[in-house]
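With the first letter of the sequence shown counted as 1, position 171 gets the number 172 in this note's numbering; the numbers rise by one all the way through.
C-beta atoms are modelled at their ideal positions from N, C-alpha and C, and glycine is treated no differently.
Data first, discussion second: the structure below is written as structure tokens.
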Amino acid sequence: MSFRTGLRTWDAVRSITMRALFSGPMYVPVAVNTFDAMSLVGVAVFTSDLWVAALGSVAAMASAVGDGDAQRYTQILDEARRNLVDKLWNGEYFDLWYDPVSGYRDRACMSAALTGEWYLEQILGMGYAIDRGKVLLTLRAIYRYNFRKWEGLLNATYPGKPRPALSGDMKYFNPLGIPYTISSQMDTPWTGVEVAVAMHMVWEGMVSEGLKILEAVHRRYESWGFTGATLSAMGTT
Numbered sequence: 002m003s004f005r006t007g008l009r010t011w012d013a014v015r016s017i018t019m020r021a022l023f024s025g026p027m028y029v030p031v032a033v034n035t036f037d038a039m040s041l042v043g044v045a046v047f048t049s050d051l052w053v054a055a056l057g058s059v060a061a062m063a064s065a066v067g068d069g070d071a072q073r074y075t076q077i078l079d080e081a082r083r084n085l086v087d088k089l090w091n092g093e094y095f096d097l098w099y100d101p102v103s104g105y106r107d108r109a110c111m112s113a114a115l116t117g118e119w120y121l122e123q124i125l126g127m128g129y130a131i132d133r134g135k136v137l138l139t140l141r142a143i144y145r146y147n148f149r150k151w152e153g154l155l156n157a158t159y160p161g162k163p164r165p166a167l168s169g170d171m172k173y174f175n176p177l178g179i180p181y182t183i184s185s186q187m188d189t190p191w192t193g194v195e196v197a198v199a200m201h202m203v204w205e206g207m208v209s210e211g212l213k214i215l216e217a218v219h220r221r222y223e224s225w226g227f228t229g230a231t232l233s234a235m236g237t238t
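Right under this line is the structure:
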């Protein structure tokens, strides 16, 4: 890409950034995202890490083209990643969410938690926004808690807690009282998440773990066809 083309691209990116990342309050009470049936409130790891990754990309582009706001983007990025760690890191992985208004917290371990980090490191080659050590610990926790040989990589689990698939419908293990049901989004695997997480693991040297996840995906499709794509949607997506 020529520098002139890069400048034209940056104009569009800057416009989108001001509208999407910096319009309105930085804190949104409900984390709106594709996991629409999961209990995500306040500062959620999935949406927060995507936000940090997007801002990291913008800051790098701004610096490359000499935009005057580059330093501002970098300062906001530094604050955002500090908050991500301070509010959600539990020493083993990042909690699913924390609501600073109510003080409520959800300690589920989410497989897609570090999608933003995967995108920055493996797809863009920019390096992680957060400490690599925490990335590795989180990947290991995701495999340890969420992988099931004959099911695949579940979207999320509560370590040490029962699952609806094995114990029947219940409530999420947080103070909100939202139904946590059989075949719900949290308690099933999604192929897109599994493949991305497996790639991330292989990238970081967890080759055996990544290949076991991919093998489970293959076996599920082999047995169930497209129904194995997203069991929570009965194979409709």
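Whether residue i touches residue j by CB criterion (7 Å)
i: A217; j: G153; result: yes
i: T75; j: A60; result: yes
i: G117; j: D50; result: yes
i: A109; j: A157; result: yes
i: V53; j: A130; result: yes
i: P165; j: I183; result: yes
i: T139; j: Y99; result: no
i: I214; j: S40; result: no
i: F148; j: Y159; result: no
i: G57; j: L121; result: yes
i: D87; j: L97; result: no
i: E210; j: M202; result: yes
DSSP beta-bridge partners of residue i
i: F95; result: W90
i: L155; result: P190
i: D107; result: W98
i: P180; result: K172
Residue burial classification, residue i (beta-carbon count within 10 angstroms, cutoff 16)
i: S185; result: buried
i: W225; result: exposed
i: H219; result: exposed
i: E223; result: exposed
i: T18; result: buried
i: I124; result: exposed
i: K135; result: buried
i: M2; result: Here the model assigns M2 a pLDDT of 48, short of 50, so the residue's position is not dependable, and the following value carries that caveat. Exposed, because fewer than 16 other Cβ atoms sit within 10 Å of the Cβ of M2.
i: W191; result: buried
i: A197; result: buried
i: E80; result: exposed
i: D12; result: exposed
i: R82; result: buried
i: L212; result: exposed
i: R221; result: buried
i: D170; result: exposed
i: A65; result: exposed
i: T237; result: A caution first: T237 carries a pLDDT of 40, below 50, which makes its placement in the model unreliable, though a value can still be read off. Counting Cβ neighbours within 10 Å, T237 comes out exposed, since fewer than 16 surround it.
i: T35; result: exposed
i: W151; result: exposed
i: D132; result: exposed
Boundaries (first-last residue) of the alpha helix (DSSP H) holding residue i
i: S58; result: V46 to V66
i: G134; result: R133 to N147
i: K213; result: V208 to W225
i: M166; result: It should be noted that the sequence gives Ala, not Met, for residue 166. Per DSSP, A166 belongs to the alpha helix (DSSP H) from P165 to S168.
i: T116; result: T116 to W119
Whole-Å CB distance - residue i paired with residue j, under 8 Å assumed
i: L89; j: V42; result: About 13 Å; that fails the 8 Å criterion.
i: D68; j: R15; result: 7 Å
Any non-hydrogen atom of the ligand ZN within 6 Å of residue i CB
i: L121; result: Although the ligand ZN was asked about, the structure shown includes no ligands whatsoever.
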